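Numbering (my numbering), first residue to last: 9 to 359. Working notes, structure below.
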Ligand code: PHE
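Written out as structure tokens, the structure is:
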């Protein structure tokens, strides 16, 4: 064998080793082509090994070592590239293609009732009111009797009640609460004054459904009980609330009647007469009724074991729908219950 043939064979193997080590791909087909080219039954290594017999004895060792290195390198390369491929596949299965532009994600919107409820809760929590909740299916005591509305009291008719059929297990008359004042009774039964709490929740009244009233609606009622609580405290709290909630602080209190408060009042807020809508919603007066309130009747305190000689308090209650309709100029209360996506989407920007 000529020396230069041997040299060139060895060089060729070294070049191939370099080629093998430098090779890279992420394609399954290319890995397979690479494997066949080097390690296949008609591959380069087979051919090179068959040259072995033509190599001079003293060169065989080097040539053999070089061939083994080439073989090992090719085998390692194939398994390394296959591993990579597996990892990439797994990675993509889990994460997808992270370089892909993100798809726009549709944001949901809060329901206007939730928005307004949260606002009211936030305004009162700033002056120390906590949130209390109670059951929607109530007994007569918490919804009526404890609130100074004994059986056959004519004022029970003010709130057309849905009664739940008397069952064998519950001896009591059960009903769907007509106001969240029932939660205040529960709160007074379980807590000692000073009490500062608001009770948001869903209430039910057997009323005809129209653009302005519904048989299901939401209320927030508030209760404040401590020593020396006066009507002036009530008024100041209401002014604070209307200012924070509506940006308006001109209110008036009209004498009214609720069995559980004495004296009682209806709260009107001065909305103004700037626009046509102002005229329409205030019926040309500029004033809007937004809630009922009063000083807690001593009988109610007694009913919940709070000493009326020692403590006094005020309470108020408002409908969330009415306030939401005012704030967002919603013309029909039914829109708040239909869940029409075209209506709800308009509240996307409000948090
Ligand atoms: N509970 C009354 C209602 O549902 C509202 C109210 C609450 C009035 C507290 C006065 C005091 O209409």
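Positions of the beta carbon are idealized from the N, C-alpha and C atoms, including for glycine. These numbers come from a predicted model, not from an experiment.
With DSSP run on the structure shown, which of helix, strand or coil describes residue 124? Under the three-state reduction of DSSP, residue 124 is assigned to helix.
Classify residue 63 as helix, strand or coil using the three-state DSSP reduction. Coil.
Does residue 294 come out as helix, strand or coil in the three-state DSSP assignment? The answer is coil: DSSP assigns residue 294 none of H, G, I, E or B.
So, under 8 Å CB-CB, residue 266 and residue 204 are touching, yes? Tell me the CB distance rounded to an integer number of Å. Not a contact, Cβ separation roughly 20 Å.
Report all residues from its chain with a CB closer than 7 Å to the CB of residue 9; omit the five preceding and five following residues, and keep chain order. Note that residue 9 scores 48 on pLDDT, short of 50, meaning its location in the model is unreliable and no value can be drawn from it.
Secondary structure of residue 340, DSSP reduced to three states: Coil.
Where residue 118 and residue 352 are concerned, what is the direct C-alpha to C-alpha distance, given to the nearest angstrom? The alpha-carbon atoms of residue 118 and residue 352 are separated by roughly 8 Å.
To the nearest angstrom, how far is the alpha carbon of residue 165 from that of residue 111? In a straight line, the C-alpha of residue 165 is about 56 Å away from that of residue 111.
Taking the CB atoms as reference points, tell me whether residue 278 and residue 294 lie closer together than 7 Å. It is a contact, given that the beta carbons lie within the stated cut-off.
What's the C-alpha gap between residue 37 and residue 18? The C-alpha of residue 18 is placed about 29 Å away from the C-alpha of residue 37.
Following a CB-centred definition, is residue 269 positioned closer than 6 Å to any heavy atom of ligand 1? Ligand 1 has a heavy atom closer than 6 Å to the beta-carbon of residue 269.
State buried or exposed for residue 85, treating a residue as buried only when at least 16 other CB atoms are found within 10 Å of its CB. The residue in question, residue 85, is buried, as its Cβ has 16 or more Cβ neighbours within 10 Å.
Is residue 216 helix, strand or coil when you go by DSSP? Residue 216: coil per DSSP, three-state reduction.
Based on DSSP bridge pairs, tell me the residues matched to residue 321. The beta-bridge partner set that DSSP reports for residue 321 consists of 233.
Tell me whether residue 226, by its Cβ, gets closer than 6 Å to a heavy atom of ligand 1. No, since every heavy atom of ligand 1 falls outside the 6 Å radius drawn around the Cβ of residue 226.
Straight-line gap, residue 342 to residue 291 (C-alpha atoms, nearest Å): Looking at the two C-alpha atoms, the distance is approximately 21 Å.
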